[in-house]
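*Asks:* Take a look at this one; I'll ask things after.
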Amino acid sequence: MKDFKYALTLSTPVLISYIFIGLAAGLLFHPYDHALLYAFLSSLLIYSGSIQIILIPLLMSGASYFTLGITALLIGSRHIFYGFSFLDRYPSIGGWKFPYMALTMTDETYSILATLDCPQELDQESVHFFVLFLCHSIWIISTVAGAFLGEFLPWNLQGIDFAATALFALIVYQQGQISANHWPIFIGFGLAISFLIVLGPDRFILPSLLLTAAILYPRRNES
Amino acid sequence: MSTHYILGSIFVMAFITMLTRGLPYLLFRHKEISPSLQIFGRRLPAAIMPILVIYCLRNITLGSYPYGLREILPLLLLVLLQKWKKNDLLSIFSATFFYMLLLRI
Chain L
135 MKDFKYALTL
145 STPVLISYIF
155 IGLAAGLLFH
165 PYDHALLYAF
175 LSSLLIYSGS
185 IQIILIPLLM
195 SGASYFTLGI
205 TALLIGSRHI
215 FYGFSFLDRY
225 PSIGGWKFPY
235 MALTMTDETY
245 SILATLDCPQ
255 ELDQESVHFF
265 VLFLCHSIWI
275 ISTVAGAFLG
285 EFLPWNLQGI
295 DFAATALFAL
305 IVYQQGQISA
315 NHWPIFIGFG
325 LAISFLIVLG
335 PDRFILPSLL
345 LTAAILYPRR
355 NES
Chain F
-4 MSTHYILGSI
6 FVMAFITMLT
16 RGLPYLLFRH
26 KEISPSLQIF
36 GRRLPAAIMP
46 ILVIYCLRNI
56 TLGSYPYGLR
66 EILPLLLLVL
76 LQKWKKNDLL
86 SIFSATFFYM
96 LLLRI
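Heads up: the sequence lines are chains L and F, in that order.
Be aware that the first sequence starts at 135, since it is given in my numbering, and climbs by one per residue.
Be aware that the second sequence starts at -4, since it is given in my numbering, and climbs by one per residue.
So, in structure tokens, the structure goes:
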């Protein structure tokens, strides 16, 4: 119970922003038959706002499965790097919880969990599990609600996705406060900005991540 | 659009997304996790977070009106509020609200 409460407190900023971003993402399915089913399945199985939001325009253009797959790979490539921070912990969790936890890692849950310093008296694994489960559940519920409500949504939500930007920026700020070593932050900013200028907004993220990973990987004499 | 096509598309994108999330585990799960790999995993977050921030801000234009101020001012508010009140929720949602306000004026 203590684990759950702690997980709930940790997830609150993400839960609130997922409610609104989920409503907005679900809204896109509203015009179609079986909108609720599509919203439910895509949130359950894809569970990535950036991919789900691009899915509808791609469908409208009649994109092939190949194009859809490549698009998901390019947009989702950043997810590949998240697993590395939990490799030494998650696989030892038995049963269905390990694949579930590995496959529900998003930008937002990663930003909470990868920088988490869990209090000693709590069970780290169940805190992680509850955070992932709560965020996934609220995402599914909100997108289905969005698909159901459609244009009856009472508010104009444009700009609500800035909550994710603010969350990431806050975590960078907090990392800067707690760690004595600031060079990973500078490498991340420096490379991302350089590649953004050179390659433009659609192509910069993968090279930034790859080069960052190559630089951060410990040399032989460090380990 | 046929139901088959939509469902098929959802499954294709789901499969690829799961593959990206699962890849490190597929590659290294049954191997000894070397100390280097462990250090690597711990170092990554601090560098990935700034990349995600830039990813979120990738479409702003600094060279012409509004000079990225719609994003920069809310982020300044975020840092100042966090310094002052140290309340994550308050900082995040004040900045978001401020951003939404700036979008509308």
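The beta carbon of each residue, even a glycine, is placed where N, CA and C say it ideally should be.
Model, not experiment: these values are computed from the prediction.
Specify, as a first and last residue, the run of the alpha helix (DSSP H) that residue 230/L falls within.
*Replies:* Translated into the one-based positions of the first sequence, residue 230/L becomes position 96. Premise fails: residue 230/L is in no alpha helix (DSSP H) and is neither H nor E.
*Asks:* Going by DSSP in three states, residue 346/L sits in which element: helix, strand or coil?
*Replies:* Here residue 346/L refers to the residue found at position 212 of the first sequence. Correct three-state label for residue 346/L: helix.
*Asks:* With burial defined as no fewer than 16 other Cβ atoms inside 10 Å of the residue's Cβ, what is the status of residue 221/L: buried or exposed?
*Replies:* Taking the first residue of the first sequence as 1, we reach residue 221/L at position 87. Buried is the call here.
*Asks:* Where does residue 194/L sit, in a helix, a strand or coil, going by DSSP?
*Replies:* In the first sequence, residue 194/L corresponds to position 60, counting from 1. If DSSP states are grouped into helix, strand and coil, residue 194/L belongs with the helices.
*Asks:* How close, in whole Å, do the beta carbons of residue 17/F and residue 236/L come, if the pair is a contact with beta carbons under 8 Å?
*Replies:* As a first step, residue 17/F is located in the second sequence; it is residue number 22 there, counting from the start. As a first step, residue 236/L is located in the first sequence; it is residue number 102 there, counting from the start. At roughly 6 Å, the Cβ-Cβ gap stays under 8 Å, so residue 17/F and residue 236/L are in contact.
*Asks:* So, under 8 Å CB-CB, residue 264/L and residue 141/L are touching, yes? Tell me the CB distance rounded to an integer number of Å.
*Replies:* On the first sequence, position 130 is the one that residue 264/L refers to. On the first sequence, position 7 is the one that residue 141/L refers to. 3 Å between Cβ atoms; contact.
*Asks:* Against chain L, does residue 58/F count as a neighbour if the rule is that its beta carbon must be under 8 Å from one of theirs?
*Replies:* The residue you call residue 58/F lines up with position 63 of the second sequence. No, residue 58/F does not count as interfacial toward chain L.
*Asks:* Given that residue 202/L touches chain F, what residues does it touch there, using C-beta distances under 7 Å?
*Replies:* Here residue 202/L is taken as the residue at index 68 of the first sequence, counted from 1. Neighbours of residue 202/L on chain F, chain order: 4, 7, 8.
*Asks:* Counting only Cβ pairs nearer than 8 Å, list the residues of chain L close to residue 54/F.
*Replies:* Position 59 of the second sequence, counted from the first residue, corresponds to residue 54/F. Going along chain L in sequence order, the residues near residue 54/F (Cβ under 8 Å) are 335.
*Asks:* I'd like to check one pair, residue 12/F with residue 182/L: are the Cβ atoms closer than 8 Å?
*Replies:* Locating residue 182/L in the first sequence gives position 48, where the first residue counts as 1. Locating residue 12/F in the second sequence gives position 17, where the first residue counts as 1. In this structure, residue 12/F lies closer than 8 Å to residue 182/L by Cβ.
*Asks:* Check whether the Cβ of residue 222/L lies closer than 8 Å to any Cβ atom in chain F.
*Replies:* What you label residue 222/L is simply residue 88 of the first sequence in a count that begins at 1. With 8 Å as the cut-off, residue 222/L counts as an interface residue toward chain F.
*Asks:* When the Cα atoms are used, what is the spatial distance from residue 95/F to residue 292/L?
*Replies:* Against the second sequence, residue 95/F aligns to sequence position 100. Against the first sequence, residue 292/L aligns to sequence position 158. Residue 95/F and residue 292/L: Cα-Cα distance of roughly 7 Å.
*Asks:* When the Cα atoms are used, what is the spatial distance from residue 359/L to residue 100/F?
*Replies:* Outside the displayed span of chain L (135 to 357) sits residue 359/L, for which this structure offers no information.
*Asks:* Which residues of the segment 15 to 36 of chain F have a Cβ closer than 8 Å to any Cβ of chain L? Give them in chain order.
*Replies:* From the segment 15 to 36 of chain F, only 15, 16, 17, 18, 19, 20, 23, 24, 28, 29, 30, 31, 32, 33, 34, 35, 36 have a Cβ closer than 8 Å to chain L.
*Asks:* Can you check which of these residues, 90/F, 84/F, 37/F, 66/F, is closest to residue 350/L by C-alpha distance?
*Replies:* Counting from 1 along the first sequence, the entry for residue 350/L is found at position 216. Residue 350/L has its Cα closest to that of 37/F, out of 90/F, 84/F, 37/F, 66/F.
*Asks:* With distances taken Cα to Cα, identify the nearest neighbour of residue 279/L among 156/L, 207/L, 218/L.
*Replies:* As a working mapping, residue 279/L is identified with position 145 in the first sequence. Out of 156/L, 207/L, 218/L, 156/L has the C-alpha closest to the C-alpha of residue 279/L.
*Asks:* With a CB to CB cut of under 7 Å and the five nearest residues on each side skipped, what residues in its chain are close to residue 170/L?
*Replies:* Translated into the one-based positions of the first sequence, residue 170/L becomes position 36. The residues are 278, 281, 282.
*Asks:* Within 8 Å of any Cβ in chain F, is that where the Cβ of residue 234/L sits?
*Replies:* Residue mapping note: residue 234/L aligns to position 100 of the first sequence, counting from 1. Closer than 8 Å: no.
*Asks:* Where does residue 257/L land, buried or exposed, given buried means 16+ other C-beta within 10 angstroms?
*Replies:* Locating residue 257/L in the first sequence gives position 123, where the first residue counts as 1. Exposed, by the Cβ-count rule.
*Asks:* Roughly how many whole angstroms lie between the Cα atoms of residue 202/L and residue 4/F?
*Replies:* The count along the first sequence starts at 1 and reaches residue 202/L at position 68. The count along the second sequence starts at 1 and reaches residue 4/F at position 9. Using only the alpha carbons, I get a separation of about 7 Å.
*Asks:* On the criterion of 16 or more Cβ atoms from any shown chain inside 10 Å, does residue 143/L qualify as buried, or is it exposed?
*Replies:* By 1-based counting over the first sequence, the position of residue 143/L is 9. With fewer than 16 other Cβ atoms within 10 Å, it is exposed.
*Asks:* Quick one: is residue 86/F near chain L, going by C-beta distance under 8 Å?
*Replies:* Numbered from 1 along the second sequence, position 91 holds the residue referred to as residue 86/F. With 8 Å as the cut-off, residue 86/F counts as an interface residue toward chain L.
*Asks:* Establish whether the CB of residue 328/L and some CB of chain F are separated by less than 8 Å.
*Replies:* Here the question's residue 328/L lines up with position 194 in the first sequence. With 8 Å as the cut-off, residue 328/L does not count as an interface residue toward chain F.
*Asks:* Mind pulling the chain L residues with CB within less than 7 Å of residue 94/F?
*Replies:* Counting from one through the second sequence, the residue named residue 94/F turns up at place 99. By Cβ distance, chain L contributes 293, 296.
*Asks:* Less than 8 Å between the beta carbons of residue 249/L and residue 305/L, yes or no?
*Replies:* In the first sequence, counting from the first residue as 1, residue 249/L sits at position 115. In the first sequence, counting from the first residue as 1, residue 305/L sits at position 171. It is a contact, given that the beta carbons lie within the stated cut-off.
*Asks:* Hey, could you find the ends of the alpha helix (DSSP H) residue 152/L is sitting in?
*Replies:* Taking the first residue of the first sequence as position 1, residue 152/L is located at position 18. Run containing residue 152/L: 136 to 161, per the alpha helix (DSSP H) assignment.
*Asks:* Three-state secondary structure (DSSP) at residue 80/F?
*Replies:* Mapped onto the second sequence, residue 80/F falls at position 85. Residue state, collapsed to three classes: helix.
*Asks:* Alpha carbon to alpha carbon, how far is residue 234/L from residue 7/F?
*Replies:* What you label residue 234/L is simply residue 100 of the first sequence in a count that begins at 1. What you label residue 7/F is simply residue 12 of the second sequence in a count that begins at 1. Near 19 Å, if we compare the C-alpha coordinates of residue 7/F and residue 234/L.
*Asks:* Taking buried to mean at least 16 other C-beta atoms within 10 Å of its own C-beta, is residue 86/F buried or exposed?
*Replies:* On the second sequence, residue 86/F is found 91 positions in, with the first residue counted as 1. Looking at its Cβ environment, which holds 16 or more other Cβ atoms inside 10 Å, residue 86/F is buried.
*Asks:* Quick check on residue 12/F: does DSSP put it in helix, strand or coil?
*Replies:* Residue 12/F sits at position 17 when you count from the first residue of the second sequence. Of the three classes helix, strand and coil, the one that applies to residue 12/F here is helix, per DSSP.
*Asks:* Please list, in chain order, all residues of the same chain as residue 187/L whose beta carbon is under 6 Å from its beta carbon, the five residues on each side excluded.
*Replies:* Residue numbering aside, residue 187/L sits at position 53 when the first sequence is read from its first letter. The answer, listed in chain order, is 159.
*Asks:* Leaving out five residues before and five after residue 174/L in sequence, what residues of the same chain have Cβ atoms less than 7 Å from its Cβ?
*Replies:* Along the first sequence, read from residue 1 onward, the residue named residue 174/L stands at position 40. So the list reads 274, 278, once near-sequence residues are dropped.
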